[in-house]
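Residues in the sequence shown are numbered consecutively from 0, following numbering that gives the first Met the number 0. Using N, Cα and C, we set each Cβ at its ideal position, and we do this for glycine too. These numbers come from a predicted model, not from an experiment. Let me begin by presenting the structure, written as structure tokens, before commenting on it.
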Amino acid sequence: MSITNETSISDFLLLGFSQHTKHQPLLFGLFLAMYLVTILGNLLIILAISSDTHLHTPMYFLLANLSFTDTCFSCTIVPKVLLNIHTQHYTISHTGCLVQMFFFMELTLLDDFLLAVMAYDRYVAICLPLHYTTIMGPQRCLLLVTASWLSSYLLAFSLCLLMSHFSFCASHAIPHFFCDLLPLLKLACSDTRIFQLTMLTEAAPSGLIPLTCVLVSYAHIIHTILRIPSPGGKHKVFSTCGSHLTVVTLFYGTLFLVYFQPSSSYSADTGMAASVVYTMVTPMLNPFIYSLRNRHMKGALLQLVAVQKEGLCVSSHNFLGRQLGSKPNLRREMVTDGGWSALPVLGFITSLKAQAESTVENGSQSTLPPAPSVTITQHLCKNSAQFTLVRRNSLAPGITLSHYTNQ
0 MSITNETSIS DFLLLGFSQH TKHQPLLFGL FLAMYLVTIL GNLLIILAIS
50 SDTHLHTPMY FLLANLSFTD TCFSCTIVPK VLLNIHTQHY TISHTGCLVQ
100 MFFFMELTLL DDFLLAVMAY DRYVAICLPL HYTTIMGPQR CLLLVTASWL
150 SSYLLAFSLC LLMSHFSFCA SHAIPHFFCD LLPLLKLACS DTRIFQLTML
200 TEAAPSGLIP LTCVLVSYAH IIHTILRIPS PGGKHKVFST CGSHLTVVTL
250 FYGTLFLVYF QPSSSYSADT GMAASVVYTM VTPMLNPFIY SLRNRHMKGA
300 LLQLVAVQKE GLCVSSHNFL GRQLGSKPNL RREMVTDGGW SALPVLGFIT
350 SLKAQAESTV ENGSQSTLPP APSVTITQHL CKNSAQFTLV RRNSLAPGIT
400 LSHYTNQ
């Protein structure tokens, strides 16, 4: 009669990078930089798509959802890794481990479904362009995204619910840097046959169907591209799906390396290396892949930066207007003879105030000479509300700087 040493474990020990003590400062800096680039890049993609009405199409709606998923995916894993390396404290509670595993699986499955929907979208756009607006209408697109979110949630929740009833052996050390599925299964002392059967059952809707959709879509796309006679036309059509194909290759390549191999040959080091790729590297590269290969995304990002710059210039203009609006008589020539000249707003106001006080003390009631006619042709804010640049011009007679600042 054998007795299995089972216990109720309150926390786990994540051993992922605890043995690499010499490289931990380097790992911390590298992971932090990748995390910040991931968050900033994906948020810029979302903001650019939401702010540009020309990008309110199914393709970019799906891309915005993918960027949001990558942001959440990175936030699920990387902050805990950075905290563990910084504090040298590698424990995680049993509940925290299950929650992390749930979000990891849910977001991974969601990435899988979204990539399949994006492949179908590219297939319709290239192979059935005349029916694109009918097939990929707003309601159909929203339905596909909602189904992806709901399916990934249900599949991940069912596995985590089964995992929560497992008993674990005395050893609570996980040879990984986060709570992944396979390392936790190796620690379980309970019967895992039902869990493994559930995994195999879910493999069809969560793995085979999306992958088949991607492969079939690209088979039709390649067939359509090969029928195009001109090389320029082939390149133009392929460029519309090249970014997505690159992301799909990175995603499925790392997943196959970790999860689609016999459990007997599973290596913790190989699993960790591949996990770093699809938890940190891939979410970081996705914004660059989509923005650098897509002229519409590059244009939207440049427009977003220009809008932010214009907002700073408006702030400078409003500040100057408030300061000069209370003293309408204090006007003087503020441009040099030709060309551009920078006006330090605060210093200019101070000098005007000093001249006004000097005039009052001398008993003179004369006002300053009126400003020459100028036309405001451009803002070029170098330091928020510090500088405003104007150019001397006689095309708009009677328009002075005081008129401009009081508008």
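Host beta strand (DSSP E) of residue i (start-end)
{"i": "Ile91", "result": "Thr90 to Ser92"}
{"i": "Phe11", "result": "Asp10 to Leu13"}
Which listed residue (the options) has its alpha carbon closest to that of residue i
{"i": "Gly270", "options": "Val257, Val276, Val280 and Pro282", "result": "Val257"}
{"i": "His164", "options": "Gly40, Val80 and Ile193", "result": "Ile193"}
{"i": "Ser17", "options": "His88, Phe67 and Thr52", "result": "His88"}
{"i": "Arg139", "options": "Leu184, Thr56 and Phe103", "result": "Thr56"}
{"i": "Met104", "options": "Lys185, Asn285, Cys159 and Asp268", "result": "Cys159"}
{"i": "His93", "options": "Leu13, Gln23 and Cys240", "result": "Leu13"}
{"i": "Phe177", "options": "Pro128, Thr90, Leu42 and His22", "result": "Thr90"}
{"i": "Ser150", "options": "Pro204, Gly95, Pro230 and Leu161", "result": "Pro204"}
{"i": "Lys233", "options": "Phe259, Cys126 and Ser290", "result": "Cys126"}
{"i": "Leu97", "options": "Tyr59, Thr133 and Ser157", "result": "Ser157"}
{"i": "Gln23", "options": "Tyr34, Tyr131, Asn83 and Phe60", "result": "Asn83"}
{"i": "Ser9", "options": "Phe255, Cys168 and Val275", "result": "Cys168"}
{"i": "Leu106", "options": "Thr86, His130 and Ile76", "result": "Ile76"}
{"i": "Val236", "options": "Gly95, Ala124 and Val246", "result": "Ala124"}
{"i": "Gly252", "options": "Met33, Thr20 and Val276", "result": "Val276"}
{"i": "Ala202", "options": "Phe60, Ser189, Leu39 and Phe259", "result": "Phe259"}
Per-residue burial, residue i [other beta carbons within 10 Å of its own, 16 or more giving buried]
{"i": "Leu142", "result": "exposed"}
{"i": "Ala272", "result": "exposed"}
{"i": "Arg226", "result": "exposed"}
{"i": "Pro228", "result": "exposed"}
{"i": "Ser242", "result": "buried"}
{"i": "Pro182", "result": "buried"}
{"i": "Gly15", "result": "buried"}
{"i": "Thr278", "result": "buried"}
{"i": "Asp179", "result": "buried"}
{"i": "Thr376", "result": "Caution applies to Thr376, whose pLDDT of 38 falls short of 50 and renders its modelled position unreliable; the value that the coordinates give is listed next. So Thr376 counts as exposed."}
{"i": "Phe30", "result": "buried"}
{"i": "Ser301", "result": "Here residue 301 turns out to be Leu, not Ser, going by the sequence shown. Counting Cβ neighbours within 10 Å, Leu301 comes out exposed, since fewer than 16 surround it."}
{"i": "Ser238", "result": "exposed"}
{"i": "Ser363", "result": "Only weak support is given to the placement of Ser363: the predicted model assigns it a pLDDT of 48, under 50, and the question is left unresolved by the model."}
{"i": "Thr211", "result": "exposed"}
{"i": "Phe287", "result": "exposed"}
Check whether residue i and residue j have beta carbons under 7 Å apart
{"i": "His175", "j": "Phe11", "result": "no"}
{"i": "Leu216", "j": "Ala118", "result": "Before going on, a small fix: residue 216 reads as Ser here, not Leu. Yes, they are a contact pair."}
{"i": "Val213", "j": "Ala115", "result": "yes"}
{"i": "Ile221", "j": "Tyr122", "result": "no"}
{"i": "Met100", "j": "Asp120", "result": "no"}
{"i": "Pro209", "j": "Asp111", "result": "yes"}
{"i": "Leu154", "j": "Leu207", "result": "no"}
{"i": "Ser407", "j": "Ile44", "result": "Residue 407 is absent from the structure shown; the chain starts at 0 and stops at 406."}
{"i": "Leu249", "j": "Thr281", "result": "yes"}
{"i": "Asn285", "j": "Asp69", "result": "yes"}
{"i": "Leu54", "j": "Ile48", "result": "yes"}
{"i": "Leu113", "j": "Ser166", "result": "no"}
{"i": "Leu46", "j": "Leu254", "result": "no"}
{"i": "Val36", "j": "Met283", "result": "yes"}
Endpoints, alpha helix (DSSP H) assigned at residue i
{"i": "Leu46", "result": "Gln23 to Ser50"}
beta-carbon residue i near the ligand ZN non-hydrogen atom, thresh 6 Å
{"i": "Thr245", "result": "This structure lacks the ligand ZN; in fact it carries no ligand of any kind."}
Q: Ignoring anything shorter than 4 residues or poking outside the stretch 67-146, list the alpha helix (DSSP H) runs there in chain order.
A: 93-126 and 131-134
Query - Segments assigned beta strand (DSSP E), at least 3 residues, entirely inside the stretch 184-252 - result: none
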